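To start, the structure under review is shown below, and the notes come after it.
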Ligand code: CTP
Ligand code: CA
């Protein structure tokens with residue numbers, strides 16, 4: 092609680108945040124995406140900035156206002172988000188991945204609008220798996236050495252604690268934050284489950300900005316040593 096009210100918890104840090112959905116194009120006018128609003132990620136970017144960090148926010152297609160003092164990079168697809176995140180992670184000390192990255196993208200992208208062919212048969216769509224941006228960055232040299240503190244988010248429809256623990260281990264990250272269900276999008280309130288090496292702890296239901304500030308404080312105490 093005391094830490095929460097200490098100003099400039101993240102002074103000297105560079106925080107990278109991914110937020111929102113990705114959009115995976117099928118043709119020039121269609122694609123697949125999801126209902127992520129980006130609210131949690133934008134709140135975290137804002138809270139990190141308030142805490143004195145230099146903040147870069149990589150956003151998929153969302154309708155959110157850029158927090159004051161935050162550098163925003165807009166992307167559409169998972170591959171674009173991956174390229175931007177890998178580039179920006181090189182100079183970051185904290186990476187918070189809140190984006191709801193599409194797990195799959197269409198295997199091919201049509202340059203022209205896909206038309207009905209008159210046969211009454213729908214097109215067969217093929218998909219390939221997108222790269223795991225968080226896992227890749229966490230496994231990079233800076234992630235492994237701890238110079239880059241990586242935080243993941245997970246939304247699950249069942250068995251949150253179990254899935255969250257497994258996900259934290261699989262991605263090789265120190266902190267995984269679970270969205271405590273039911274799966275609702277664009278809401279202002281949420282509650283979070285923090286999963287780290289010590290176990291599981293809950294941040295009770297609160298507005299997303301308040302949760303974001305609490306999470307920033309939780310991240311700050313886990314960082315190696317605050318730079319001067
Ligand atoms: N993530 C990512 N790149 C992906 C998929 C996920 O960076 N291609 C990140 C998300 O931003 C989030 C975390 O990984 O911080 C967990 O995402 P989630 O979708 O819950 O996990 P997945 O590994 O995709 O597993 P699944 O969706 O099958 O549960
Ligand atoms: Ca996923």
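Numbering (the numbering used here), first residue to last: 92 to 319. Don't be surprised by glycine CBs; every beta carbon is placed ideally from N, CA and C. All of these numbers come straight from a predicted model, not from anything done at the bench.
- Message: Only counting the same chain, and skipping five residues up and downstream in sequence, which positions put a Cβ closer than 6 Å to that of residue 259?
- Response: 267 and 286
- Message: Quick check on residue 174: does DSSP put it in helix, strand or coil?
- Response: helix
- Compute every distance between the C-beta of residue 224 and the non-hydrogen atoms of ligand 1, then say whether any falls below 8 Å. yes
- Item | the region 250-257 contacting the region 201-213, beta-carbon criterion three pairs below 8 Å | no
- Whole-angstrom distance between residue 102 and residue 319, CA atom to CA atom: In this predicted model, residue 319 has a pLDDT of only 46, less than 50, meaning its place in the structure is not dependable; the value taken from the coordinates is given anyway. Residue 319 and residue 102: Cα-Cα distance of roughly 8 Å.
- Exposed or buried, what is residue 276 when buried is set at 16 or more other beta-carbons lying within 10 Å of its beta-carbon? exposed
- Message: Counting C-beta neighbours from all protein chains within 10 Å, is the total for residue 135 16 or more, i.e. buried, or is it exposed?
- Response: buried
- Query: With a CB to CB cut of under 6 Å and the five nearest residues on each side skipped, what residues in its chain are close to residue 164?
  - Reply: 149 and 175
- Locate the alpha helix (DSSP H) running through residue 139, then write down its first and last residues. 130-141
- Query: residue 219 by DSSP, collapsed to three states: which one?
  - Reply: strand
- Message: Give me the residue from 213, 227 and 120 with the minimum Cα distance to residue 170.
- Response: 227
- Query: Is the distance from the Cβ of residue 305 to the Cβ of residue 231 below 9 Å?
  - Reply: no
- Query: According to the Cβ coordinates, are residue 221 and residue 196 closer than 9 Å?
  - Reply: yes
- Task: Run the proximity test for residue 118: is its beta-carbon closer than 8 Å to any non-hydrogen atom belonging to ligand 2?
- Result: no
- So is the beta-carbon of residue 169 under 8 Å away from any non-hydrogen atom of ligand 2? no
- Message: Tell me the DSSP secondary structure of residue 304 in three-state form.
- Response: helix
- Taking any heavy atom of ligand 2 as the mark, which residues have a C-beta closer than 7 Å to it, listed down the chain? 192 and 194
- Query: How would you call residue 144, buried or exposed, if buried means at least 16 neighbouring beta carbons within 10 angstroms?
  - Reply: buried
- Query: Can residue 139 and residue 185 be called in contact, C-beta distance under 9 Å?
  - Reply: yes
- Message: Once DSSP output is grouped into helix, strand and coil, what is the label at residue 145?
- Response: strand
- Task: In angstroms with no decimal places, state the Cα-to-Cα distance between residue 242 and residue 172.
- Result: 16 Å
- Status (buried if at least 16 other CB within 10 Å, exposed otherwise) for residue 262: buried
- Query: When DSSP builds the beta bridges, which residues end up paired with residue 186?
  - Reply: 107 and 241
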